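Residue numbers (this note's numbering), protein chains in the order written: chain G, 6 to 336; chain S, 136 to 468.
Everything on this sheet refers to the single structure shown next.
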């Protein structure tokens, strides 16, 4: 397996009126071709910002530390994503080799331009296609994602499509340029469960067919269990646990991951009490010292949690956790 | 326990769409729904978007027009016929029935302090006589919702989603209502916080003896909080049962499909479930016969022609499907 994208020591701050706000703190991970990575965490954990960094798509007030490095290995060579400057150079990570699907399909289509026109536009931007060729590819892609009557839909506007249909069209658009990496930011959150199940199935089929890598951002561990090969759990900008999906879900090591799983209402035992993770995620303006989770953690081992940032402990080859509980385990 | 607080009988809510004189169309958002909500219960209402659950909730609050049938509210003190309610009665009903919204970011005015937000219903409905009394009442309710004095002075932007939802809850509770409609009240929250808000709602319900209509699209949340569940599809009630019965033995193919669509937490249990194809039809262009037949894997010719009615499966368990008995027997075999 070859790495598709490698993220090393990614630290990202936003310059604001209230000073520098740390959004992502020293995050490293890599993703192989054909692999689906679930990126999990609650709102404010930095998952979307991390994903946007992969496309160098964060707002102008974003500051990357010099140690941050994102390398994309495409079929045609490696690209240092964060060094890209001009819009022309950036094309490769913005719709070229990397595509993104957003959460709100209504907000991500221009309302006054037909779906087809938007699809053709981006195809022509990234590839050397004639208008007719681009149209053919688009209609074929719409058909491929299960939109009936694709030729007719091609000429419709986003508001004429239902929520599930729009999300399919979004997926079709993202995949029509044949990206090697797809970033899906909460692609099913706005959908009904029945439609969510359809979209998840569709995405699984597409991974098999196109063999691309997917970063799947979600707060829903059930969706992760159904789609991902491996899981990264984030909290307040830090990567606190990573591992294969089976390991992380069946054998979570970090108190936060354990808390997330315990908070989930389960259908097989409807009498079990719901256990919330106590407290709220702190404001990024008031990042706790030491382990960022210590203010909500029920398993604080001592003063060390407030003082020292926990290092990554390897549980086994692929499963690692950043928590002081495992300090006796060699790092 | 068998006191009925809200009784809807053949309730329909329609909206007129299309402006012209001749092309007026009626969109039936809620169609012939009958249900009883028992006093002190946590009644769940589930369905996909477009199933009419929010409209039904609003009709029971007298916030959506009832076009046919009716609904009755009776809490022992007063008895209101919601269809023919007088202005005076409606004023009183507003105190007794309250709503908690889905989005805690949109539901709170950014220009009011938390104290003013919670106090507003008291002032508007003139429930307190002095500012001191208002303050005391606000503090009491705020404490119940785990908000402290410091919180009351701040503006909503300083709060996280979970805290905001607690503010919304406090505002709904301040007029000491008997009946609360919680419309997707935890849908916008993270799971870690969602459990906290659900526990709070349950605790408040027990303490204050409230009756909840809990509208949600999330069956696992409903399973954990509600005593009784009604499933809606295209404005119709398709199945209603005590929670345990519904989850142990759902009878309607739609209920079953909703269950199987919930993503399993087991990574090895992928795609085993039977999934629904297609989407919920437009309410302006409803299918004939059983509304669900266009997506139902068990639909036969009869389903396309004749509309099913609610049949009793067991105590408190009703289902509206032509083939439920047959399907139950094949399942057992």
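We treat Cβ as the ideally placed atom computed from N, Cα and C, and that holds for glycine.
Values in this document were obtained by computation on a predicted structure and should not be read as measured data.
Asked, Found
"Spatial neighbours of residue 188 of chain S in its chain, beta-carbon cut-off 6 Å, leaving aside the 5 residues before and after", "180, 182, 350, 367"
"Residue 286 of chain S: contacting residues in chain G (beta-carbon distance under 7 Å)", "By Cβ distance, chain G contributes nothing, its closest Cβ being about 12 Å from residue 286 of chain S, past 7 Å."
"The segment 45 to 56 of chain G touching the segment 311 to 324 of chain G, judged by at least three CB pairs closer than 8 Å", "no"
"Cβ-Cβ distance between residue 150 of chain S and residue 162 of chain S below 8 Å", "yes"
"Residue 206 of chain S classed as buried or exposed, judged by whether at least 16 other C-beta atoms fall within 10 angstroms", "buried"
"Residue 336 of chain G burial status per 10 Å Cβ neighbour count (16 or more: buried)", "Because residue 336 of chain G sits at a pLDDT of 47, beneath the cut-off of 50, its placement in the model cannot be relied upon, and the following sentence gives the value as read from the coordinates. When all chains shown are included, residue 336 of chain G counts as exposed."
"Alpha-carbon to alpha-carbon, residue 174 of chain S and residue 136 of chain S", "Confidence is the limiting factor: at residue 136 of chain S the pLDDT is only 43, short of 50, which leaves the residue's position unreliable and the question unanswerable from this model."
"Straight-line Cα distance separating residue 101 of chain G from residue 298 of chain G", "37 Å"
"Identity of the residues DSSP links to residue 85 of chain G by a beta bridge", "G/76"
"Spatial distance of residue 142 of chain G from residue 46 of chain G (CA atoms)", "36 Å"
"Amino acids of chain G, ordered along the chain, whose beta-carbon sits closer than 9 Å to that of residue 352 of chain S", "197, 198"
"CB contact below 8 Å: residue 4 of chain G versus chain S", "Only positions 6 to 336 of chain G appear in the structure, and residue 4 of chain G is not among them; the question remains open."
"Coil, strand or helix - residue 397 of chain S by DSSP", "coil"
"Contact with chain S by residue 323 of chain G, beta-carbon distance below 8 Å", "no"
"Three-state class that DSSP yields for residue 136 of chain S in the structure shown", "Because residue 136 of chain S sits at a pLDDT of 43, beneath the cut-off of 50, its placement in the model cannot be relied upon, and the point is left open."
"Proximal residues, the segment 154 to 187 of chain G versus chain S, C-beta separation under 8 Å", "167, 168, 169, 170"
"Cα-Cα separation between residue 274 of chain S and residue 284 of chain S, rounded to whole angstroms", "7 Å"
"Where the beta strand (DSSP E) containing residue 216 of chain S begins and where it ends", "214 to 216"
"C-alpha gap between residue 319 of chain S and residue 348 of chain S, whole angstroms", "10 Å"
"Nearest candidate by alpha-carbon position, reference residue 66 of chain G, set G/277, G/54, G/129", "G/54"
"Cβ-Cβ distance between residue 146 of chain G and residue 181 of chain G below 8 Å", "yes"
"Where residue 48 of chain G meets chain S, residues with beta-carbon distance less than 8 Å", "296, 325"
"C-alpha distance - residue 236 of chain G paired with residue 247 of chain G, whole-angstrom precision", "6 Å"
"Distance CB(residue 14 of chain G)-CB(residue 33 of chain G) smaller than 8 Å", "yes"
"Length of the line joining the Cα atoms of residue 327 of chain G and residue 225 of chain G", "21 Å"
"The segment 284 to 301 of chain G: positions lying closer than 7 Å to chain S by Cβ", "285, 286"
"Same chain only: Cβ atoms within 8 Å of residue 342 of chain S, ignoring 5 sequence neighbours per side", "279"
"Chain-ordered chain S contacts of residue 205 of chain G [CB-CB under 8 Å]", "398"
"Where residue 172 of chain G falls, given that 16 or more other Cβ within 10 Å makes a residue buried", "buried"
"Cβ distance (whole Å) where residue 139 of chain S is taken to contact residue 172 of chain S below 8 Å", "7 Å"
"Which of helix, strand or coil DSSP assigns to residue 144 of chain S", "strand"
"C-alpha distance - residue 107 of chain G paired with residue 434 of chain S, whole-angstrom precision", "36 Å"
"Spatially closest choice to residue 445 of chain S from S/458, S/410, S/414, S/195, by CA coordinates", "S/458"
"Alpha helix (DSSP H) runs wholly inside the segment 189 to 273 of chain G, at least 4 long, in chain order", "198 to 215, 226 to 232, 250 to 255, 260 to 268"
"Inter-residue CB distance, residue 313 of chain S and residue 231 of chain S (contact presumed, cutoff 8 Å)", "5 Å"
"Distance, residue 365 of chain S Cα to residue 203 of chain G Cα", "24 Å"
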